[in-house]
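So that you can map any letter, position 28 of the sequence shown is 298 in our numbering, and since no number is skipped, the others follow by simple counting.
The C-beta atom is built at its ideal place from N, Cα and C for all residues, glycine as well.
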Amino acid sequence: MAKWLGTFQDDRSDDRPVPTDATEGEEGDKKPAAPEPKEQTDDSLLPTITFSKQGADYVQTTTLPSSGQKTEVKFQLNKKTSSKNKAGTTISTTYKWDEETRTLSTEFETSEGKKFEMNFIFDEDYNKLVKHRKTAQVEAKQKMHRIK
Numbered sequence: 271m272a273k274w275l276g277t278f279q280d281d282r283s284d285d286r287p288v289p290t291d292a293t294e295g296e297e298g299d300k301k302p303a304a305p306e307p308k309e310q311t312d313d314s315l316l317p318t319i320t321f322s323k324q325g326a327d328y329v330q331t332t333t334l335p336s337s338g339q340k341t342e343v344k345f346q347l348n349k350k351t352s353s354k355n356k357a358g359t360t361i362s363t364t365y366k367w368d369e370e371t372r373t374l375s376t377e378f379e380t381s382e383g384k385k386f387e388m389n390f391i392f393d394e395d396y397n398k399l400v401k402h403r404k405t406a407q408v409e410a411k412q413k414m415h416r417i418k
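Here you go:
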């Protein structure tokens with residue numbers, strides 16, 4: 271069984287930049303402001319991604335509890351697959367696994383010609399990952415941890 275199968279949940283972001291006070295220190299340096307209290311987040315509202323195996327197919331299920339959205343993508347490694355979304359747009363997807371870098375890479379292309387990629391980079395024990403999404407306009411990284 272592939273080590274990357276399982277359910278991963280969004281980490282709470284603790285690495286926000288620290289704001290600075292408008293007051294100057296004795297040496298002219300700005301002093302860090304007191305950190306704002308963090309909101310308590312209900313874990314059941316955090317996004318999850320599940321990678322599972324169903325017969326010859328793998329399945330990536332993305333769940334966004336706060337909006338009630340759930341998306342499933344069936345795939346086979348190194349094979350291009352196509353499906354239609356709710357809006358009727360055809361999306362072609364190719365998933366590839368690189369054992370050396372512990373990366374599940376995906377390439378997406380819509381019938382309108384839009385392309386983007388998403389890479390899931392796993393740590394050495396496969397208990398954490400970084401989801402790296404890249405489009406023509408945006409690049410984002412999201413840290414996640416295994417819950418199952």
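Delimiting residues of the beta strand (DSSP E) encompassing residue i
{"i": "T364", "result": "360-368"}
{"i": "E382", "result": "Per DSSP, E382 belongs to no beta strand (DSSP E) and is neither H nor E."}
{"i": "R416", "result": "409-416"}
{"i": "L399", "result": "398-404"}
{"i": "Q324", "result": "318-324"}
{"i": "G276", "result": "276-280"}
{"i": "T351", "result": "351-354"}
{"i": "E342", "result": "339-345"}
{"i": "D327", "result": "327-334"}
Beta carbon of residue i nearer than 8 Å to that of residue j
{"i": "T277", "j": "T341", "result": "no"}
{"i": "Q279", "j": "M414", "result": "yes"}
{"i": "D327", "j": "F345", "result": "yes"}
{"i": "F386", "j": "T373", "result": "no"}
{"i": "V343", "j": "T363", "result": "yes"}
Residues of its chain near residue i, where Cβ-Cβ distance is below 8 Å and the 5 sequence neighbours each way are ignored
{"i": "I361", "result": "S352, S353, K354, N355, F378, E379, T380, S381"}
{"i": "D313", "result": "Q279"}
Sequence-distant residues of the same chain with beta carbon closer than 6 Å to residue i, five excluded per side
{"i": "Y365", "result": "F345, L347, T376"}
{"i": "K411", "result": "V400, H402"}
{"i": "M388", "result": "T376, R403"}
Residues near residue i by beta carbon distance below 7 Å, same chain, minus five either side
{"i": "K418", "result": "G276, T277"}
{"i": "T405", "result": "F386"}
{"i": "T333", "result": "P317, T318, K340"}
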